[in-house]
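Data block below; observations after.
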Amino acid sequence: MEGIMQGLVSQNQAAFIKGRSIAEHSLLAHEMVRKFSKPGGMKACVKLDLRKAYDTVNREFLCHLMLAMGFDERWVALVRECICSPTFSVLIQGTPYGYFSSNRGLRQGDPLSPYLFTLVMEYFTCMMDLAVHSKRIVPLFRLVRPVVSHLIYADDLLVLLQPSMRGMSALSDIMEEFGRLSGLQLNRKKSRVYFSSRCTQQEERAYALGVDRGELPVKYLGVPLTVNYAREQDCHSLVDFAQRRVEGWQAAGLSFEGRIELVRSVIAGITMFWFQSIQIPSATIHKVEAICADFTWRGGMHAISWAQLCRPREEGGVGLRPLHTVRKAACVKMAWRFIKGGSLWADWMASRYLRRTNFWACRIDNNFSVTFKAILRCRPVLQTAICKHMKDGTTTDLWLDPWLGSRYLLELLGGQGDREAGRGLTCSRIIRDGVWRPEGYAYTAQLAEEIRLITIDASQTEDTWSWAGPGAGGGSGLFCFRSCYDLVRTHHDQAEEVDFIWGKGVARKMQLCAYRLLRGRLMTRDRLLRFGMHILDAKCVLCNEVDESMGHLFFGCPVTWHIWTEQCAQLRGGVGVDRDIRSILSWIRNHRGRDPGWARRARVRLVASVWHIWKERNRRIFKGLTTPPIGILHNIEFDVSVMAP
Numbered sequence: 001m002e003g004i005m006q007g008l009v010s011q012n013q014a015a016f017i018k019g020r021s022i023a024e025h026s027l028l029a030h031e032m033v034r035k036f037s038k039p040g041g042m043k044a045c046v047k048l049d050l051r052k053a054y055d056t057v058n059r060e061f062l063c064h065l066m067l068a069m070g071f072d073e074r075w076v077a078l079v080r081e082c083i084c085s086p087t088f089s090v091l092i093q094g095t096p097y098g099y100f101s102s103n104r105g106l107r108q109g110d111p112l113s114p115y116l117f118t119l120v121m122e123y124f125t126c127m128m129d130l131a132v133h134s135k136r137i138v139p140l141f142r143l144v145r146p147v148v149s150h151l152i153y154a155d156d157l158l159v160l161l162q163p164s165m166r167g168m169s170a171l172s173d174i175m176e177e178f179g180r181l182s183g184l185q186l187n188r189k190k191s192r193v194y195f196s197s198r199c200t201q202q203e204e205r206a207y208a209l210g211v212d213r214g215e216l217p218v219k220y221l222g223v224p225l226t227v228n229y230a231r232e233q234d235c236h237s238l239v240d241f242a243q244r245r246v247e248g249w250q251a252a253g254l255s256f257e258g259r260i261e262l263v264r265s266v267i268a269g270i271t272m273f274w275f276q277s278i279q280i281p282s283a284t285i286h287k288v289e290a291i292c293a294d295f296t297w298r299g300g301m302h303a304i305s306w307a308q309l310c311r312p313r314e315e316g317g318v319g320l321r322p323l324h325t326v327r328k329a330a331c332v333k334m335a336w337r338f339i340k341g342g343s344l345w346a347d348w349m350a351s352r353y354l355r356r357t358n359f360w361a362c363r364i365d366n367n368f369s370v371t372f373k374a375i376l377r378c379r380p381v382l383q384t385a386i387c388k389h390m391k392d393g394t395t396t397d398l399w400l401d402p403w404l405g406s407r408y409l410l411e412l413l414g415g416q417g418d419r420e421a422g423r424g425l426t427c428s429r430i431i432r433d434g435v436w437r438p439e440g441y442a443y444t445a446q447l448a449e450e451i452r453l454i455t456i457d458a459s460q461t462e463d464t465w466s467w468a469g470p471g472a473g474g475g476s477g478l479f480c481f482r483s484c485y486d487l488v489r490t491h492h493d494q495a496e497e498v499d500f501i502w503g504k505g506v507a508r509k510m511q512l513c514a515y516r517l518l519r520g521r522l523m524t525r526d527r528l529l530r531f532g533m534h535i536l537d538a539k540c541v542l543c544n545e546v547d548e549s550m551g552h553l554f555f556g557c558p559v560t561w562h563i564w565t566e567q568c569a570q571l572r573g574g575v576g577v578d579r580d581i582r583s584i585l586s587w588i589r590n591h592r593g594r595d596p597g598w599a600r601r602a603r604v605r606l607v608a609s610v611w612h613i614w615k616e617r618n619r620r621i622f623k624g625l626t627t628p629p630i631g632i633l634h635n636i637e638f639d640v641s642v643m644a645p
């Protein structure tokens, strides 16, 4: 089923279809309603809710629909058996009762159910298309191709139309007929219609449809559906989500390492979805980052700045990503999907904004949406990370597309190109029989030779863009977000000592402890006093002789001196105990060529030693427990044997 859904289901549906994006569906919905607050014709957006969608599907209707779509009778019989054979039992006072069958509905969790439900919803698309063709329903943008009258994502329906009384009545009739045939009934109490500000007789039009009026913004596919642009108050649900997650995690007593990983995976994941679906204001991003930073440091002092943490490990950070940079990378990704085309959103946007111009030559207009302006501003970055694979040149603009590496012909020729450029010419003008013939357009022998070196691949179906950013997918030409992020982020100097501790096979909690020591950010007693905290006894808890500091605790204390003496002996000499961690790291890096496994064992030994010294210090302070040096050495050796056997 999965393999045929792409060609069987219209692009109005995005759920469960490989290659289609929920984010693009959300972006298109925003484009359709963005001028609801502006003067102009009457507009309406209807958000329809289906009552118990999966549980009420008419199975006979589904089977007849599949036969009408061209499915083989034997295949339909197999599907019928799959959806009709299950039996159910219920618990009555703790005792299972029955086994009984059902007459309708699809099972939740069945991997076949999403595809079958999508086929049922395709019938709604057919009914809407017929109503648009017969002019009973008039879509919002009649001159933009493809015409979009509705969007479907699973059981989320969004209908966009001009709210004439005839159109509203026609939509009501369609929902009644669709419900009668498919079993999917409209939940009128939860459905809403949203009108533009200039729409008159709103109550009468809503009554004709049979649903209540609503006010934008409203949540659609997880993000606020707003007119014009999203304001800070519209995105408050994102801040609330981050705050609720953090409050739940705080009760779990997570370690520093655990908090870093949760911020990296959960918070970054949901914000990434928002960035691809809506243009989030900077104030909202600042609030989310502040929540993440406070959670990372448990609401206390920030031992390391958020900007420092949000650097790659090789540049002295822990691999988190600043959300402003992620937003920019997500915008570049949107621009990439736009130039690739082939989706409902990309084709509609191109028809809406690029009727008489080229994407690369288009000037930013105040009438453009916030999203399209952001996409256009990403062109300089995008241009450096893409290349064109030529088939016959028929879809590549000769003058304006950057098909010469990251450059375009009009730019290379300057004023001469402005005089000579013919509008609408494609690269097919200088390709004959699969060979470049740039005479008359290259103007210089060097440029002509450069053009001839570009490969023409006759095996392709058409000219295609490919991603060529830094480290992009092993040269596959497929988009890689990591490559895109690396393209837009701020680069810093390499921090080789810090980078060395992040090798594979070492426990993350140990690496982060060593990282904080390298940054001088472990909360020893001298630092706590410096921050104004009241400390009854500032002495080192290991030796109880000298005030505690990072330098003393890890390299000057008699207890740790004994530990480091043993570790340096295991490193086969050459490094002294009276050095700091950077000196030891530097010595290990300079001698790691002696044995492929030696550097790994040395790194594990160093990081494990730092971890167990810090752990012993905390055990003595917070638990009143003491482990002798021989016990600490035994724990270090055990970790080394496990992580670097």
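Straight run, no breaks: the sequence shown in UniProt numbering ends on number 645.
Don't be surprised by glycine CBs; every beta carbon is placed ideally from N, CA and C.
Quick caveat: nothing in here was measured; it's all calculated off a predicted structure.
Query	Result
From T426 to V223, what distance separates their C-alpha atoms?	40 Å
Report the option in E637, F479, K35 whose CA atom is closest to the CA atom of A230.	K35
I need the boundaries of the alpha helix (DSSP H) containing V120, first residue and last residue.	113-133
Just curious, the beta strand (DSSP E) that D156 is in, first and last residue?	156-161
Under the rule that 16 or more other beta-carbon atoms within 10 Å means buried, what is A252, buried or exposed?	exposed
Compute the Euclidean distance between the alpha carbons of K468 and A14, then round it to the nearest angstrom.	Note on residue identity: the sequence assigns Ala, not Lys, to residue 468. Computed Cα separation, rounded: 28 Å.
To the nearest angstrom, how far is the alpha carbon of V218 from that of K509?	42 Å
How about D392 and W360: do their beta carbons lie closer than 9 Å?	no
Using a Cβ distance threshold of 8 Å, determine whether the region 336-345 contacts the region 293-302, with at least three qualifying pairs required.	no
Cβ atoms of Y220 and A29: under 9 Å apart, would you say?	yes
Going by DSSP, name the residue or residues bridged to Y408.	The partner list for Y408 (beta bridge, DSSP) is empty, contrary to what the question assumes.
Do you know whose CA, among L522, G434, M42, L571, lies nearest H302's CA?	L522
Taking the continuous alpha helix (DSSP H) assigned at T626, which residues delimit it?	First-last for T626: undefined, no H or E at that position.
Mind checking which residues open and close the alpha helix (DSSP H) that includes R582?	581-590
Does I364 pass the burial test, meaning 16 or more other C-beta atoms within 10 Å, or should it be called exposed?	exposed
Given a threshold of 16 other Cβ atoms within 10 Å of its Cβ, counted over all protein chains shown, does E81 qualify as buried or as exposed?	exposed
Pull up the DSSP beta-bridge partners for F88, would you.	F100
Rounded to the nearest angstrom, what separates K47 and L160 at their Cα positions?	9 Å
Are there three or more Cβ pairs, one per stretch, closer than 8 Å when the region 116-129 is compared with the region 169-182?	yes
Secondary structure at D294, three-state DSSP: helix, strand or coil?	helix
Which class does P224 belong to by DSSP, given the choice of helix, strand or coil?	strand
Suppose contacts are defined by Cβ-Cβ distances below 9 Å. Is D156 in contact with L184 by that definition?	no
Suppose you measure from the CA of T87 to the CA of S101; what does that come to, to the nearest Å?	4 Å
State the DSSP-derived secondary structure class of A14, mapped to helix, strand or coil.	coil
R516 lies in the alpha helix (DSSP H); which residues open and close that run?	508-518
Identify whether M390 lies in helix, strand or coil by the three-state DSSP scheme.	strand
Please say whether V76 and N228 have beta carbons closer to each other than 9 Å?	no
Report buried or exposed for A43, applying the criterion of at least 16 other Cβ atoms within 10 angstroms of its Cβ.	Looking at the sequence shown, residue 43 is not Ala but Lys. So K43 ends up on the buried side.
Please report the residue range of the beta strand (DSSP E) in which D49 lies.	44-49
Report the residue from V559, D526, W564, S351 whose alpha carbon sits nearest the alpha carbon of E548.	D526
In the DSSP assignment, find the unbroken beta strand (DSSP E) run with V193 in it and report its ends.	192-195
Among the residues of its own chain, which have a CB less than 7 Å from the CB of Q511, if the five just before and after it don't count?	I501, W502, V607
For Y54, report the span of its alpha helix (DSSP H) as first-last.	Unbroken run through Y54: none, as it is neither H nor E.
According to DSSP, what are the bridge partners of H25?	Its beta-bridge partners do not exist; DSSP assigns none.
Would the region 201-210 count as touching the region 247-264 if we require 3 or more Cβ pairs under 8 Å?	no
Output the residue ranges of the alpha helix (DSSP H) runs that lie fully inside the region 450-508 and measure 4 residues or longer, sorted by chain position.	481-488, 496-500
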